[in-house]
Amino acid sequence: MPGYDRHHPTPFFVSGDPMIYASDVLIALTLVGVVFVLTYFRRWRWLWEEWITTVDHKKIGIMYLLAALAMMFRGGVDSELMRTQLAFPNNHFLGAEHYDQIFTTHGTIMILFMAMPLIFAMMNIAVPLQIGARDVAFPYLNAISFWLFFFGAMLFNLSFVIGGSPDAGWVSYPPLTETPFDPGPGENFYLLALQISGIGSIATGINFLVTILKMRAPGMTLMRMPLFPWSVLSASVLIIFAFPALTIALALLLLDRLAGAHFFTMLQGGNPMMYVNLFWVWGHPEVYIVVLPAFGIFSEVFATFSRKRVFGYTSMVASLMTIAVISYFVWAHHFFTMGAGPGVNSFFAIASMCVGIPTGVKVFNWLFTMFKGRIRTSLPMLWAIGFIPNFAIGGATGIMLAAAPGDYQYHNSYFLIAHFHQVLIGGVVYGMLAGMYYWWPKMFGFILDERIGRWAFWLFNIGFYVCFMPQYQLGFMGMTRRVYIYPADMGWSTLNLISTVGAYLMGIAFVLIVVEILYSAVWGVRDTTGDPWDGRTLEWSLPSPAPHYNFAHVPVVTERDAWWGQKEARKKGEIQKETRPFQPIHMPRNSGRPFIMSLCFFIGGFGLVFEWYPLALVGLVGILTSLLMRSVERDTDYYIPVEEIQHIESNLGRA
Amino acid sequence: MTMYGFIRRSVQWMALLFCGLSTTGCSSNVLVFHPAGPVSRIEEHLIIMSIILVTIVVVPVILLLWYIVRTFRDTPNNPAPYEPEWSESRVLESIWWGIPIIIVAVLGFFTVKDTFALTRPPEKVTNPLTILVTSLDWKWMFQYPGQQVATVNYCEIPASRPVQFVLTSNAPMNSFWVPELGGQEYTMPGMAMRLWLQADQPGIYYGHGANFSGKGFAHMQFNVHAVKQTQFDAWVKHLKRTAPPLTMDGYHGLVRPSVVGQMSFSSYPPTIFRDMIMQEGGMYMKHDMTILGTAD
Numbered sequence: 005m006p007g008y009d010r011h012h013p014t015p016f017f018v019s020g021d022p023m024i025y026a027s028d029v030l031i032a033l034t035l036v037g038v039v040f041v042l043t044y045f046r047r048w049r050w051l052w053e054e055w056i057t058t059v060d061h062k063k064i065g066i067m068y069l070l071a072a073l074a075m076m077f078r079g080g081v082d083s084e085l086m087r088t089q090l091a092f093p094n095n096h097f098l099g100a101e102h103y104d105q106i107f108t109t110h111g112t113i114m115i116l117f118m119a120m121p122l123i124f125a126m127m128n129i130a131v132p133l134q135i136g137a138r139d140v141a142f143p144y145l146n147a148i149s150f151w152l153f154f155f156g157a158m159l160f161n162l163s164f165v166i167g168g169s170p171d172a173g174w175v176s177y178p179p180l181t182e183t184p185f186d187p188g189p190g191e192n193f194y195l196l197a198l199q200i201s202g203i204g205s206i207a208t209g210i211n212f213l214v215t216i217l218k219m220r221a222p223g224m225t226l227m228r229m230p231l232f233p234w235s236v237l238s239a240s241v242l243i244i245f246a247f248p249a250l251t252i253a254l255a256l257l258l259l260d261r262l263a264g265a266h267f268f269t270m271l272q273g274g275n276p277m278m279y280v281n282l283f284w285v286w287g288h289p290e291v292y293i294v295v296l297p298a299f300g301i302f303s304e305v306f307a308t309f310s311r312k313r314v315f316g317y318t319s320m321v322a323s324l325m326t327i328a329v330i331s332y333f334v335w336a337h338h339f340f341t342m343g344a345g346p347g348v349n350s351f352f353a354i355a356s357m358c359v360g361i362p363t364g365v366k367v368f369n370w371l372f373t374m375f376k377g378r379i380r381t382s383l384p385m386l387w388a389i390g391f392i393p394n395f396a397i398g399g400a401t402g403i404m405l406a407a408a409p410g411d412y413q414y415h416n417s418y419f420l421i422a423h424f425h426q427v428l429i430g431g432v433v434y435g436m437l438a439g440m441y442y443w444w445p446k447m448f449g450f451i452l453d454e455r456i457g458r459w460a461f462w463l464f465n466i467g468f469y470v471c472f473m474p475q476y477q478l479g480f481m482g483m484t485r486r487v488y489i490y491p492a493d494m495g496w497s498t499l500n501l502i503s504t505v506g507a508y509l510m511g512i513a514f515v516l517i518v519v520e521i522l523y524s525a526v527w528g529v530r531d532t533t534g535d536p537w538d539g540r541t542l543e544w545s546l547p548s549p550a551p552h553y554n555f556a557h558v559p560v561v562t563e564r565d566a567w568w569g570q571k572e573a574r575k576k577g578e579i580q581k582e583t584r585p586f587q588p589i590h591m592p593r594n595s596g597r598p599f600i601m602s603l604c605f606f607i608g609g610f611g612l613v614f615e616w617y618p619l620a621l622v623g624l625v626g627i628l629t630s631l632l633m634r635s636v637e638r639d640t641d642y643y644i645p646v647e648e649i650q651h652i653e654s655n656l657g658r659a
Numbered sequence: 098m099t100m101y102g103f104i105r106r107s108v109q110w111m112a113l114l115f116c117g118l119s120t121t122g123c124s125s126n127v128l129v130f131h132p133a134g135p136v137s138r139i140e141e142h143l144i145i146m147s148i149i150l151v152t153i154v155v156v157p158v159i160l161l162l163w164y165i166v167r168t169f170r171d172t173p174n175n176p177a178p179y180e181p182e183w184s185e186s187r188v189l190e191s192i193w194w195g196i197p198i199i200i201v202a203v204l205g206f207f208t209v210k211d212t213f214a215l216t217r218p219p220e221k222v223t224n225p226l227t228i229l230v231t232s233l234d235w236k237w238m239f240q241y242p243g244q245q246v247a248t249v250n251y252c253e254i255p256a257s258r259p260v261q262f263v264l265t266s267n268a269p270m271n272s273f274w275v276p277e278l279g280g281q282e283y284t285m286p287g288m289a290m291r292l293w294l295q296a297d298q299p300g301i302y303y304g305h306g307a308n309f310s311g312k313g314f315a316h317m318q319f320n321v322h323a324v325k326q327t328q329f330d331a332w333v334k335h336l337k338r339t340a341p342p343l344t345m346d347g348y349h350g351l352v353r354p355s356v357v358g359q360m361s362f363s364s365y366p367p368t369i370f371r372d373m374i375m376q377e378g379g380m381y382m383k384h385d386m387t388i389l390g391t392a393d
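Protein chains in written order, with my numbering: chain A, 5 to 659; chain B, 98 to 393.
Structure below.
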C-alpha cells in the first residue's frame, strides 16, 4: 500500500496530471477561439448590448439553458471518467485523489450548476408567457440572479485548474471538510461558489413567487393557471424556505475553515451532526425544487400531445402543494443510520413514504390525460412517455429506501446511487429535455430535428437502464459509493462493466443532442405560425420567437387552456378580432450592473478562497458600490412608443 | 416457510432477470439477500415485502402506459374514442389516492415495528458480547472490553450469540456495515452508538466502511469471523499468548492516516475508547454515558 500523508502542499496551478494539462490547453484554445470569433465578426458590442446587459426574461432563460448544457457536458465528462475507472476491478485509470475530486465535482455541478439553471431556464422562458405577463416582477433582479449563478459556476469550475477541486463529496460533511483533514483551497471553492449562486437562487424564488401571484393576465385566476406556473409557484416557495438553511450551513463551515471557529469541528465542542441536519433541511426540499417544475412541464406536454385537457387538474394542484409541504418533513431519511432513536426514524420513514402518495396520483393523472386522447409522439412527448416507467421504478425504490430498516442495508450503497439517479435523471433531466424540445421553437424560431432527436432519445433511454439497473444489484451485493477501486473477487466486475457501457451510450446521446441543435439551427424546420405543436396555453398565441415585450395586447383570460379555448371559438367563428388600440408599453432598461456586481462577487469569492483578504475587500467594495449606485439610479425604465409596436407587429404579420 | 421461500426466490429471480444478469453465478454474492443472522433477516424480510408492495403500483403503471400509448395514437382512422374535454372522474381518482395510502399504511406499520425491534438485542440473553469499534483514517479498530484484546481490520465473534457493537470514530465520520449480518450505523467522533448484530453460523462475513472519509476510504475493508464459542475462547487465549500489546504510542500511530493490513493485540490501554469519546465532545452527550456504561 502506498503511504498516505494528510498535508500535501497545493500548488497554485494544478499540476502533475497529463489529463489536466490537456484540459488546460483545451480551455486556453477555447478562450482564444471565442475572443477571435467575437473580434473577427465585430460582435463584442452585440454581446454586451443584447446579452450581457439584458433584463429580458427570454434571453436570460436562453443564457441559463446554454450554461446548463455546458455544465451538463462538464458533469457528464466527470461521470464518464468515473465509469471508466470503475469498468474493471483494480483499475488504475484514476488515482484515489483524482477520483474523489471527480465524484465531488460531478455531484455538485449536476445538482447546483446543471439541474438548477435548467429549471431556471424553463421558468424564465415559459412562465411570463404562460401567464400573459410582459416580464417577471423584478427583471433587474432576474439578471442579477443569472450572473450570480454564472459566476458561482465559474468560480467552482476554476478550481479544476487553479488550487485543486474539492474532494469531500457534494454533501461536504464535516469533520472531513474541516481544515485538519482538508487543508487545500478546493473546499473553499465549493463553499463560496455555492454561496454566491445560492443568493441568486433565493432571488429567483422570490422573483417568480411574486411574478406568479401578482402579474397574471386579467381573468387568469389561480385555478385557471396552467400547471407549469403552478409547479414553479410551489418550487419558489420551497426555494425561499429551504435555501437559507444551506446558506447558514455553508457560512458556518466557512467560518470554521477561515476564522478557526468550532461549529462543526471534532474537538472543542463542535457538532458535525448539526451540519448534516442543516444540509439536508435544504437538501431534501432541493430535490423537489428541481423535480416539481419537471412535473409541471410533463403536465403541459401530456395535455398538448394528447390534444386533451389535463386529467384531474385540481388533484394535480393539490398534489403539487402537498409534496411541497411534506418535503420539509423528510430530511432525516438521508441519515437513518446516524443513530437517531426509533421514534425519530419512524416519523421520517412514514413521512417519506407519504410523499409517494401525491406523486403516484400525478403519474396516474398523466396516464389518464393520454387516455381517450390523440397521442402524437413528437420529441417532447417521447421524453415524457419515457419518463413514466423510469420514474415509476425510481419512485418505487424510493419507497423501499424510506423503510428505515431496509435503508440500513441500502444506505451509501449503489442501490441508493441507482435510485437517486433514476429520479433525478428520469424525473428532472427527462422533464427538462421535454421542456427544451417543447419550447425550443418559442425560444429560437425553429424546431429541433426529429430524426436525430429520436436517435438521441433511444440511445439515452436504453443507456440509462443499462447504466443504472445493474447498480441496484451492485448495492445488494454490498458495493458502497465513492470507492475508486474494488477487488475482483466480489462478483461486481460484470455489472460494473455493463453499467459503464450504459454511461457511454448516454454520453453518445448527449453528443447527438448537441449535433441535433447545430444541425437544426441551419437546416431545421422554421416555425412560422408560433404554434407548432397545436398548443393550449398562451405562449403559443405569440410569434416565435416572441417580441421583447411579449404581448402587444395583454390577453384577457376566461378559462383554463386559454389559447386552446380561443382556437376552438375561432373554429366556430365566435371570436372577435382584436379591436383594442395599441398602448405604449412600459419596459425595464438594460443594465450592465448585474454583470459587474456579480463579477465583484467572483473577485471577492476568489480572494476568500485563497484567504487573500485585500482582494476579498476589493470585491466587497465593488458589490457595495454597485448596490449604492442602483439605489440612486432614476433612469430604470422606458416606454415603447405605439408606432414601434405597430411596426414590429406588422412585420410579424399580426397587426 | 415454503411459501415464503418461494416468494423470496421469485423476487430474486426477478431481480436477476431485471439486471440482465447471466454470469457470476452470483447468488452467494448478493449479500443483502443472504442474511446470516436475525438482524439482516428482519431487514431482508422488510425489503422483500417492500418490493412486493411497490410492484402492486409499478406493474399496472407500465402496463397501462403500454396499452394507452398503443391504443390512442393520433392516426387517421383510429377507432378508439376521443374525448378531449373528459378530465374528471371522482371514482378513478379515489382509486389512485386510495391504493397508495393503503400500501403506505401497510409498509409503514411493519417499518415502525422493525425499527423498534432492531434497537433491542436479537435474542434475550444474559451475556451479550461487547465489542468497541473505532473507525480511523483508514482502518477499523476493534476492542474487546471483556477479553481485553484488540484487533485491526478484522474481528472475531462467537456465532449464535448477540454482539453489541459500540461505535465511534477518531477520524471523519464513517459507517460500519456488515451486509450479511445486518445494516449499518454511522461511526462519529464524540458519539458512542450501539448496533446489535448476530451470526447464526460460523463463517467469514464481508464488512466495509460505507461513508466516505477521504483518500484511503476504498481500502477500509474488514472481515468478521464468526466461530464457535469454544474456538472464540481459544482465539482470545492465543492472542493473549502470542500478540504484542497495544501501547499508547502504538495507538497514536494507528490514528495517523495510513492503510494497514490486519493486526492483533494482546492488550490495550483500558480507557482509550472512553477518553477519545470524551475528548471529542462526548461530555456534552448524556446518552453516551448510558451506552458506555453497558460497554465496560
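No residue lacks a Cβ here, since even glycine has one placed at the ideal position from N, Cα and C.
Interface with chain A (9 Å Cβ-Cβ cutoff): A133 (chain B) is excluded.
Listed in chain order, the positions of the stretch 294-312 of chain A with a beta carbon within less than 8 Å of a beta carbon of chain B are S310, R311 and K312. Residue environment analysis places T215 (chain A) among the buried positions, since at least 16 neighbouring C-beta atoms fall within 10 angstroms of its C-beta. Look at N320 (chain B): its C-beta is not under 9 Å from any C-beta on chain A.
Three or more beta-carbon pairs drawn from the stretch 301-311 of chain B and the stretch 264-277 of chain B are found closer than 8 Å, and the two stretches are therefore classed as touching. Scanning its chain for C-beta atoms nearer than 6 Å, with the 5 sequence neighbours on each side dropped, one finds around W444 (chain A) the residues L452, in chain order. DSSP lists B:T227 and B:W293 as the beta-bridge partner residues of Q261 (chain B). Exclusion of the five residues before and after G134 (chain B) leaves P219, E277, L278, G279, L294, Q295, A296 and D297 as the residues of its chain whose Cβ lies within less than 8 Å of its Cβ.
Residues F472 of the same chain have their beta carbon placed closer than 6 Å to that of H425 (chain A), with the five preceding and five following residues left out of the count. With the criterion set as a beta carbon lying under 7 Å from some beta carbon of chain B, the members of the stretch 160-187 of chain A are G173, Y177, P179, L180 and F185, in sequence order. Apart from sequence neighbours up to five positions away, the residues of its chain that approach G243 (chain B) with a beta-carbon distance below 8 Å are L226 and T227, ordered along the chain. With a cut-off of 8 Å on Cβ pairs, the stretch 381-400 of chain A is in contact with the stretch 295-305 of chain A, counting three or more such pairs.
Judged by their CB atoms, R170 (chain B) and I456 (chain A) are not nearer to each other than the 9 Å cut-off. Closer than 9 Å to the CB of Y348 (chain B) there is not a single CB belonging to chain A. Taking 8 Å as the cut-off between beta carbons, the residues of the stretch 70-104 of chain A near chain B are A100, E101 and D104, in sequence order.
Taking 9 Å as the CB threshold, C358 (chain A) lines the interface with chain B. Under the Cβ criterion (8 Å, minimum of three pairs), the stretch 315-323 of chain A does not count as touching the stretch 239-257 of chain A.
Contact of T373 (chain A) with chain B is assigned, a C-beta pair being separated by under 9 Å. For the pair of segments examined, the stretch 595-602 of chain A was found to touch the stretch 57-74 of chain A: the number of CB pairs separated by less than 8 Å reaches three. The closest CA to that of P132 (chain B), considering only B:Y302, B:G379 and B:T344, is found on B:Y302. For S319 (chain A), the chain B residues whose C-beta falls within less than 7 Å of its own C-beta are E190, listed in chain order. Beta bridge pairing from DSSP links M591 (chain A) with A:Y642. CA-CA distance, R486 (chain A) to L632 (chain A), rounds to 46 Å. In the three-state reduction of the DSSP assignment, P362 (chain A) falls in the helix class, which pools H, G and I.
For M270 (chain B), the C-beta contacts it makes with chain A under 8 Å involve Y177, P179, L180 and P276, in order along the chain.
A247 (chain B): member of the beta strand (DSSP E) spanning V246 to V249, first to last residue. Minimum Cα-Cα distance from G534 (chain A) among the listed residues A:N161, A:F448, A:A573 and A:I589 corresponds to A:F448.
According to the DSSP assignment, H305 (chain B) belongs to the beta strand (DSSP E) that extends over G300 to G306. Counting only the Cα atoms, M285 (chain B) lies some 8 Å from N267 (chain B). Contact check between the stretch 615-625 of chain A and the stretch 575-590 of chain A: fewer than three CB pairs, one atom from each, fall below 8 Å, which does not count as touching. For D260 (chain A), no Cβ of chain B is located within less than 9 Å of the residue's own Cβ. Sequence-distant partners of E84 (chain A) (beyond 5 residues in either direction) whose C-beta falls short of 8 Å from its own C-beta, in its chain, are A507, Y508 and G511. In this model, Y25 (chain A) and K376 (chain A) are separated by some 58 Å (Cα to Cα).
Within the stretch 205-229 of chain B, G205, T208, V209, D211, T212, F213, L215 and T216 place their CB atoms closer than 7 Å to a CB of chain A, listed in sequence order. What R170 (chain B) touches in chain A, judged by beta-carbon distance under 7 Å, is I379, going in chain order.
Separation of C604 (chain A) and F155 (chain A) (C-alpha to C-alpha, rounded to the nearest whole angstrom) is 9 Å.
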